[in-house]
Amino acid sequence: MSEPNHARRFTAIWIVASLIAVPLVIWVMGPELPPGKGSVQAAEHVTDNTVLVAAATPVFLMVVVYLLYAVICFRQPKGAALEGPAVRGNVRIQTWWIGVTSAAVLALAGFGSVELLANYGSGSGSGPSPLTVPSGPRLPVQVIAQQWAFTYRWPTYGGVETPHIVLPANTTIELNVTSLDVIHSFWAIQLGVKADANPGVNNVAFVKPTKRQSFEVRCAELCGIWHGNMFDTGHVVTPAAFVIWIHEQQRRFASVTKVLPPYSKTYLPEPTRRGG
Amino acid sequence: MSALAKKSLGVGLTTLVVAILIGLYIASWATSIPPTVAATTTPVVSAGASLTLETVASIGPKFSPSHPDWVSYLARSNGQWVHSTVYQVPANSLVHVTIYQFDSPTGLRNPFLSQVQGTIGGTMTLDGKTVSSIPPEETSHTFAIPELGVFVPLPGISEEAKNPCEFAPCQPATMAHRTITFTFRTGKKGRYRWQCFVPCAAGFLNGNGGPMQTLGYMDGFLDVV
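Taken in order, these protein sequences are the chains called A and B. Using my numbering, read the first sequence as starting at 503 and increasing by one per residue. Using my numbering, read the second sequence as starting at 159 and increasing by one per residue.
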């Protein structure tokens, strides 16, 4: 019996498998990928994750299909004593391999860079001077990290500070993230926001929540013994409900607001008397 | 056995012994949890439970031979001061806390925490007087359970106070202190961490090392059962 054309047969199997799997990834798995669609930025992350998983699927299938094909078709016959001859130096395959993988990596790097700049930093901390800033009104919220809790300050509401975060839906939020001690990272998971909190640095991130929801806040930078307990639950509410909430916070924390330092993008509190 | 084999065996055994010792050290460190102190249940069950604590500038050699100069909390149990920061309280109940504060002020890094939060009435009593906040710079420690929204600032004793406590156990009857009382309500069962938010660890970078990073000194658990 003549030997079949393995290359053609393997390629056919791989293409068919990819044609089945890639649409499944895009239309079935994609919408379920994290972080969800809680904000314009988070929805873009879902798209990015879908693109990356869809692009990786044919590569993954190529490896898996080839392994299975080899196990089934290239199995050593019973009683055979010799290894198969080594195959070396196929210039055409090597050239194609290097060309295709280089093009794939460069294309994905370009895609990632463009997406990172999309939607004003794509929810990531963009440093004190972001490359792109959304036009129109936006609500500034300062995120203050310290071992081991986040608090939030609202410069447009008299500089009141709150122990929890509540945001209005369909409003562009300017998060100014900083720290009072060590490096933390503010991660609002379902909103697609992650910004490092560095002492003495204002790290700006933009986010536009799109629906009423609760979201998890976690520290994403190992920051000490209670790092794992540095979490909170935030809420996105209607703009009217937000106004009611923030006015309640202003009333509740009126006395302590008077002793807070003037609002600033960063704070360098003196570790008085003890810690030096 | 060849010389090379003997050498390899020696290196292997030494490595194994060192690895075992390191493993034992880490296991010992990871499992060294302070004893649990149960809150005293008041005669009327609906009235909740009571917890009596003290904060001291130095835990002293009696309670912590390895770190006698570390700042710490202690709890009152069966008439004795116990070096523990794991407290057991009943679920869905009022917990009445009394803290005898023997340390001097350090100051809050975030003045926002100088307001009493999460207690019944949003207040505490300080030496018998009801207050809702204290000057941030006079804060010595805090007792905070972030998950329950409880933040209570504890003011320090005057720098010129007579008869300050040198190290634990400190006696409220004879030594300079502030007395803080407050009540909060527990919720569902669970283990909640509590901590001090004042960078009060003398001699450590930013005051946040040592006793601030070690279970059993300035932080612990509230076991709600």
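Positions of the beta carbon are idealized from the N, C-alpha and C atoms, including for glycine. As the structure is a computational prediction, the values presented were derived from the model and not from experiment.
Separation of residue j from residue i, as counted between CA atoms
{"i": "proline 192 of chain B", "j": "proline 642 of chain A", "result": "43 Å"}
{"i": "alanine 519 of chain A", "j": "phenylalanine 576 of chain A", "result": "20 Å"}
{"i": "serine 160 of chain B", "j": "serine 166 of chain B", "result": "10 Å"}
{"i": "glutamine 371 of chain B", "j": "cysteine 725 of chain A", "result": "10 Å"}
{"i": "alanine 197 of chain B", "j": "valine 253 of chain B", "result": "8 Å"}
{"i": "glutamine 649 of chain A", "j": "proline 357 of chain B", "result": "9 Å"}
{"i": "glycine 660 of chain A", "j": "asparagine 700 of chain A", "result": "24 Å"}
{"i": "histidine 299 of chain B", "j": "alanine 605 of chain A", "result": "59 Å"}
{"i": "glutamine 751 of chain A", "j": "cysteine 323 of chain B", "result": "39 Å"}
{"i": "leucine 306 of chain B", "j": "valine 247 of chain B", "result": "13 Å"}
{"i": "valine 706 of chain A", "j": "glutamate 676 of chain A", "result": "7 Å"}
{"i": "glutamate 617 of chain A", "j": "threonine 680 of chain A", "result": "25 Å"}
{"i": "alanine 609 of chain A", "j": "methionine 531 of chain A", "result": "23 Å"}
{"i": "alanine 620 of chain A", "j": "serine 235 of chain B", "result": "59 Å"}
{"i": "proline 670 of chain A", "j": "alanine 743 of chain A", "result": "8 Å"}
{"i": "lysine 347 of chain B", "j": "alanine 249 of chain B", "result": "5 Å"}
{"i": "valine 203 of chain B", "j": "serine 251 of chain B", "result": "Confidence is the limiting factor: at valine 203 of chain B the pLDDT is only 48, short of 50, which leaves the residue's position unreliable, though a coordinate-based value still follows. Answer to the nearest angstrom: the Cα atoms are 9 Å apart."}
{"i": "isoleucine 278 of chain B", "j": "valine 289 of chain B", "result": "12 Å"}
{"i": "phenylalanine 340 of chain B", "j": "asparagine 268 of chain B", "result": "22 Å"}
{"i": "asparagine 366 of chain B", "j": "glycine 601 of chain A", "result": "53 Å"}
{"i": "tyrosine 654 of chain A", "j": "proline 293 of chain B", "result": "20 Å"}
Candidates the options, of which the one nearest residue i by Cα
{"i": "tryptophan 656 of chain A", "options": "A:Pro506, A:Val745, A:Glu505, A:Ile522", "result": "A:Val745"}
{"i": "lysine 780 of chain A", "options": "A:Pro741, A:His508, A:Ser631, A:Leu633", "result": "No statement about residue 780 of chain A is possible, as the shown extent of chain A runs from 503 to 778 and does not include it."}
{"i": "tryptophan 529 of chain A", "options": "A:Gly540, A:Arg511, A:Thr549", "result": "A:Thr549"}
{"i": "leucine 535 of chain A", "options": "A:Thr552, A:Val524, A:Gln543, A:Leu526", "result": "A:Thr552"}
{"i": "alanine 302 of chain B", "options": "B:Ile180, B:Gly168, B:Gln273, B:Asp285", "result": "B:Gln273"}
{"i": "isoleucine 515 of chain A", "options": "A:Val719, A:Ala544, A:Pro764, A:Leu569", "result": "A:Leu569"}
{"i": "leucine 633 of chain A", "options": "A:Arg640, A:Ser624, A:Pro639", "result": "A:Ser624"}
{"i": "phenylalanine 652 of chain A", "options": "A:Gly612, A:Ala583, A:Glu723", "result": "A:Glu723"}
{"i": "glycine 694 of chain A", "options": "A:Tyr622, A:Ile685, A:Thr759", "result": "A:Tyr622"}
{"i": "methionine 282 of chain B", "options": "B:Glu295, B:Pro311, B:Pro294", "result": "B:Pro311"}
{"i": "alanine 756 of chain A", "options": "B:Asn364, B:Gln275, B:Gly378", "result": "B:Gln275"}
{"i": "proline 587 of chain A", "options": "A:Gln578, A:Ala557, A:Ala544", "result": "A:Gln578"}
7 Å Cβ cut-off: residues of chain A touching residue i
{"i": "glutamine 371 of chain B", "result": "Gly726, Ile727"}
{"i": "phenylalanine 270 of chain B", "result": "Thr653, Glu663, Val758, Leu762"}
Beta-bridge pairing of residue i - partner residues as DSSP gives them
{"i": "asparagine 705 of chain A", "result": "A:Val679"}
{"i": "glycine 365 of chain B", "result": "Beta-bridge pairing links glycine 365 of chain B to no other residue."}
{"i": "lysine 696 of chain A", "result": "A:Ser626, A:Trp689"}
{"i": "glutamine 246 of chain B", "result": "B:Ala196, B:Asp381"}
{"i": "aspartate 734 of chain A", "result": "A:Val719"}
{"i": "threonine 288 of chain B", "result": "B:Thr283"}
{"i": "isoleucine 303 of chain B", "result": "B:Val308"}
{"i": "histidine 254 of chain B", "result": "B:Ser208, B:Thr341"}
{"i": "isoleucine 646 of chain A", "result": "A:Thr653, A:Thr680"}
{"i": "serine 230 of chain B", "result": "B:Val214"}
Contacts of residue i in chain A (Cβ-Cβ under 8 Å)
{"i": "glycine 307 of chain B", "result": "Pro665"}
{"i": "glutamine 275 of chain B", "result": "Pro665"}
{"i": "aspartate 377 of chain B", "result": "Ile727, Trp728"}
{"i": "arginine 267 of chain B", "result": "Gln648, Leu682, Asp683, Pro771, Pro773"}
{"i": "asparagine 321 of chain B", "result": "None at all; the shortest Cβ gap to chain A is about 21 Å."}
Within chain B, partners of residue i - CB distance below 8 Å
{"i": "tryptophan 650 of chain A", "result": "Pro304, Gln353"}
Residue i: contacting residues in chain E (beta-carbon distance under 7 Å)
{"i": "phenylalanine 755 of chain A", "result": "In the structure shown, chain E cannot be found, because the protein chains are A and B."}
Chain-ordered neighbours of residue i on chain A, where CB pairs are closer than 9 Å
{"i": "asparagine 250 of chain B", "result": "Correct list: empty, because the minimum Cβ distance to chain A is about 20 Å."}
Heavy atom of the ligand HEM within 7 Å of residue i beta-carbon
{"i": "glycine 374 of chain B", "result": "Because no ligand of any kind appears in the structure shown, any question about the ligand HEM cannot be addressed here."}
Fill in: Residues of the segment 715–733 of chain A whose Cβ lies closer than 7 Å to any Cβ of chain B, in chain order
Here the close residues are Gly726, Ile727, Trp728, Asn731.
Practice prompt. Could you run through the segment 654–674 of chain A and flag, in chain order, every residue whose CB is less than 9 Å away from some CB of chain B?
Written response: Those residues of the segment 654–674 of chain A placed with their C-beta closer than 9 Å to a C-beta in chain B are Arg655, Glu663, Thr664, Pro665, His666, ordered along the chain.
Worksheet item: If you measure beta-carbon to beta-carbon, which residues of the segment 219–230 of chain B are closer than 8 Å to chain A?
Response: For the segment 219–230 of chain B, the set of residues with a beta-carbon nearer than 8 Å to any beta-carbon of chain A is empty.
Worksheet item: Taking a cut of 9 Å between CB atoms, which residues from the segment 282–305 of chain B lie near chain A?
Response: So the list reads Ser290, Ser291, Pro293, Pro294, Glu295, Ala302, Pro304, Glu305, given in the order they occur along the chain.
Worksheet item: Quick one, which residues of the segment 676–705 of chain A are near chain B if we go by CB-CB under 7 Å, in chain order?
Response: Answer in chain order: Leu682, Asp683.
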